[in-house]
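Residue numbers (our numbering): 4 to 307.
Think of the CB as a built atom: it goes at the ideal place given N, C-alpha and C, for glycine as much as any other residue.
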């Protein structure tokens, strides 16, 4: 039986000050899939990736990559993994060609100019291959991070918040890159707090909160299982100081200066009638279906 690409078994991480960043987490990642760890800052996503990559030492539990035990052979595991951190992390005075060549050396590999040039072409960096990294645009540096993570031909790629802080155009471009990597057979573990990103890319999604797993399933089934309610997004002249009691059954929440109400299919007329009879001063409204953000908020409320 072929082992899973990645397996966490009852993994816990407690920091010196007593903070329990990850608490008894168990899950596995299938070969060739895109698997998302989804949750807000502090949920434990980055800690799990750093445990897997050997940056952080776990307190308890077992971790395997393609059947290799992290405790027994961490060096073998590092050769199987490519790690793309949140922050830009290479010498700004080296060129992309130099960075790729040196990174191969870190893994004890001989130079492979043909493969390095292939990576530069794949990530649209060939024309900038001899420029200093500090002269590259933000998008180019992000692509260089991924190219560097692939230079030793890993089978599993770890992407820690790969699109945090980037503009929409670059985010979409990076998404296309991730899809192409999956098509080439690479297993991808992605951490994100962008709910749209998990829904757009992932075969399966694991929702984390405060070091615990709230839910884990195929992404589309996760949405279906939770029930995809309708959502009314209300643009109000003034946000109320308190939510009218009559709206409480519709799980009201305020975000981005708007009021959101959730309701089951067939209830639209009743909800609109209640809104019309309330003191809310509605400037505009929009109706859409639940996304992963609504599901995440529902799960965290149920777990509280």
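Contact between the stretch 198-207 and the stretch 121-137 (3+ Cβ pairs under 8 Å): The stretch 198-207, when compared against the stretch 121-137, does not touch it at the 8 Å Cβ threshold.
Let's test the definition: count the other Cβ atoms within 10 Å of the Cβ of residue 154 and tell me whether it reaches 16, buried, or not, exposed. Within the chain shown, the letter at position 151 stands for residue 154. Under this definition residue 154 is a buried residue.
I want to know whether the stretch 165-185 touches the stretch 9-23 - three or more CB-CB distances under 8 Å. Contact fails: fewer than three Cβ-Cβ distances are below 8 Å.
Contact set for residue 49: own chain, Cβ-Cβ below 8 Å, skip 5 residues either direction: Against the chain shown, residue 49 aligns to sequence position 46. Within the same chain, Cβ atoms closer than 8 Å to the Cβ of residue 49 are found at 89, 163, 164 and 194, the five residues on either side in sequence being excluded.
Using three-state DSSP, classify residue 213 as helix, strand or coil. To locate residue 213, count along the chain shown from 1; it is residue 210. Residue state, collapsed to three classes: coil.
Rounded to whole angstroms, what is the Cα-Cα separation between residue 228 and residue 76? Indexing the chain shown from 1 puts residue 228 at position 225. Indexing the chain shown from 1 puts residue 76 at position 73. When rounded, the distance between both Cα atoms is 39 Å.
How should residue 37 be labelled, buried or exposed, when 16 other C-beta atoms within 10 angstroms of its C-beta is the threshold for buried? To locate residue 37, count along the chain shown from 1; it is residue 34. Label assigned to residue 37: buried.
Alpha-carbon spacing of residue 187 relative to residue 95, whole angstroms: As a position in the chain shown, residue 187 is number 184, starting the count at 1. As a position in the chain shown, residue 95 is number 92, starting the count at 1. So the two alpha carbons sit approximately 30 Å from each other.
For residue 24, which option in 39, 52, 32 and 236 has the closest C-alpha, if you only look at C-alpha atoms? For the purposes of this step, residue 24 is taken as residue 21 along the chain shown, with counting starting at 1. Shortest Cα-Cα distance from residue 24 to any of 39, 52, 32 and 236 involves 52.
From residue 233 to residue 303, what distance separates their C-alpha atoms? Walking along the chain shown from the start, residue 233 turns up at place 230. Walking along the chain shown from the start, residue 303 turns up at place 300. Residue 233 and residue 303: Cα-Cα distance of roughly 19 Å.
Using the C-alpha atoms, what's the distance from residue 146 back to residue 190? As a working note, residue 190 is residue 187 in the chain shown. As a working note, residue 146 is residue 143 in the chain shown. Going from the Cα of residue 190 to the Cα of residue 146 covers about 18 Å.
Extent of the continuous alpha helix (DSSP H) to which residue 65 belongs: One-based indexing of the chain shown puts residue 65 at position 62. Counting along the chain, no alpha helix (DSSP H) covers residue 65; the unbroken beta strand (DSSP E) around it starts and ends at 63-68.
For residue 201, report the span of its alpha helix (DSSP H) as first-last. In the chain shown, residue 201 corresponds to position 198, counting from 1. That run of the alpha helix (DSSP H) goes 198-204.
Note down the Cα distance separating residue 142 from residue 132, rounded to an integer number of angstroms. In the chain shown, counting from the first residue as 1, residue 142 sits at position 139. In the chain shown, counting from the first residue as 1, residue 132 sits at position 129. Using only the alpha carbons, I get a separation of about 14 Å.
Starting from residue 112, follow its DSSP beta bridges and name the residues at the other end. Counting from one through the chain shown, the residue named residue 112 turns up at place 109. Answer by DSSP bridge pairing: none, since residue 112 is not bridged.
Does the count of Cβ pairs from the stretch 58-76 and the stretch 12-31 closer than 8 Å reach three? Contact between the stretch 58-76 and the stretch 12-31 is present, because at least three Cβ pairs lie under 8 Å.
Where do the ends of the alpha helix (DSSP H) carrying residue 78 lie? For this step, residue 78 is matched to residue 75 along the chain shown. In the DSSP assignment, residue 78 falls within the unbroken alpha helix (DSSP H) covering 77-83.
Indicate the three-state DSSP secondary structure (helix, strand or coil) for residue 117 in the structure shown. On the chain shown, position 114 is the one that residue 117 refers to. Residue 117 carries a helical assignment under DSSP once its states are collapsed to helix, strand and coil.
Excluding five sequence neighbours on each side, which residues of the same chain lie with their C-beta closer than 7 Å to the C-beta of residue 104? In the chain shown, residue 104 corresponds to position 101, counting from 1. Cβ within range, chain order: 114 and 119.
Measure the C-alpha to C-alpha separation of residue 93 and residue 214 and round it to an integer number of angstroms. The residue given as residue 93 occupies position 90 in the chain shown. The residue given as residue 214 occupies position 211 in the chain shown. Roughly 30 Å between the two C-alpha positions.
Using the DSSP secondary-structure output, state which residues sit across from residue 194 in a beta bridge. In the chain shown, counting from the first residue as 1, residue 194 sits at position 191. According to DSSP, which records beta bridges pairwise, residue 194 is partnered with 40 and 163.
Looking at the strands, I want to know which residues DSSP matches up with residue 256. Counting from one through the chain shown, the residue named residue 256 turns up at place 253. Beta-bridge analysis with DSSP links residue 256 to 263.
Straight-line gap, residue 211 to residue 28 (C-alpha atoms, nearest Å): One-based indexing of the chain shown puts residue 211 at position 208. One-based indexing of the chain shown puts residue 28 at position 25. Answer to the nearest angstrom: the Cα atoms are 10 Å apart.
Contacting residues, own chain, Cβ-Cβ under 7 Å from residue 134 (five flanking each side not counted): Taking the first residue of the chain shown as 1, we reach residue 134 at position 131. So the qualifying residues of the chain are 98.
Where residue 268 falls, given that 16 or more other Cβ within 10 Å makes a residue buried: Position 265 of the chain shown holds residue 268. An exposed status is given to residue 268, since fewer than 16 other beta-carbon atoms sit within 10 Å of its beta-carbon.
Can the beta-carbon of residue 291 be found closer than 8 Å to that of residue 236? The residue given as residue 291 occupies position 288 in the chain shown. The residue given as residue 236 occupies position 233 in the chain shown. Going by C-beta atoms, residue 291 is nearer than 8 Å to residue 236.
What is the DSSP secondary structure of residue 60, reduced to helix, strand or coil? Here residue 60 is taken as the residue at index 57 of the chain shown, counted from 1. Coil at residue 60, not helix or strand.
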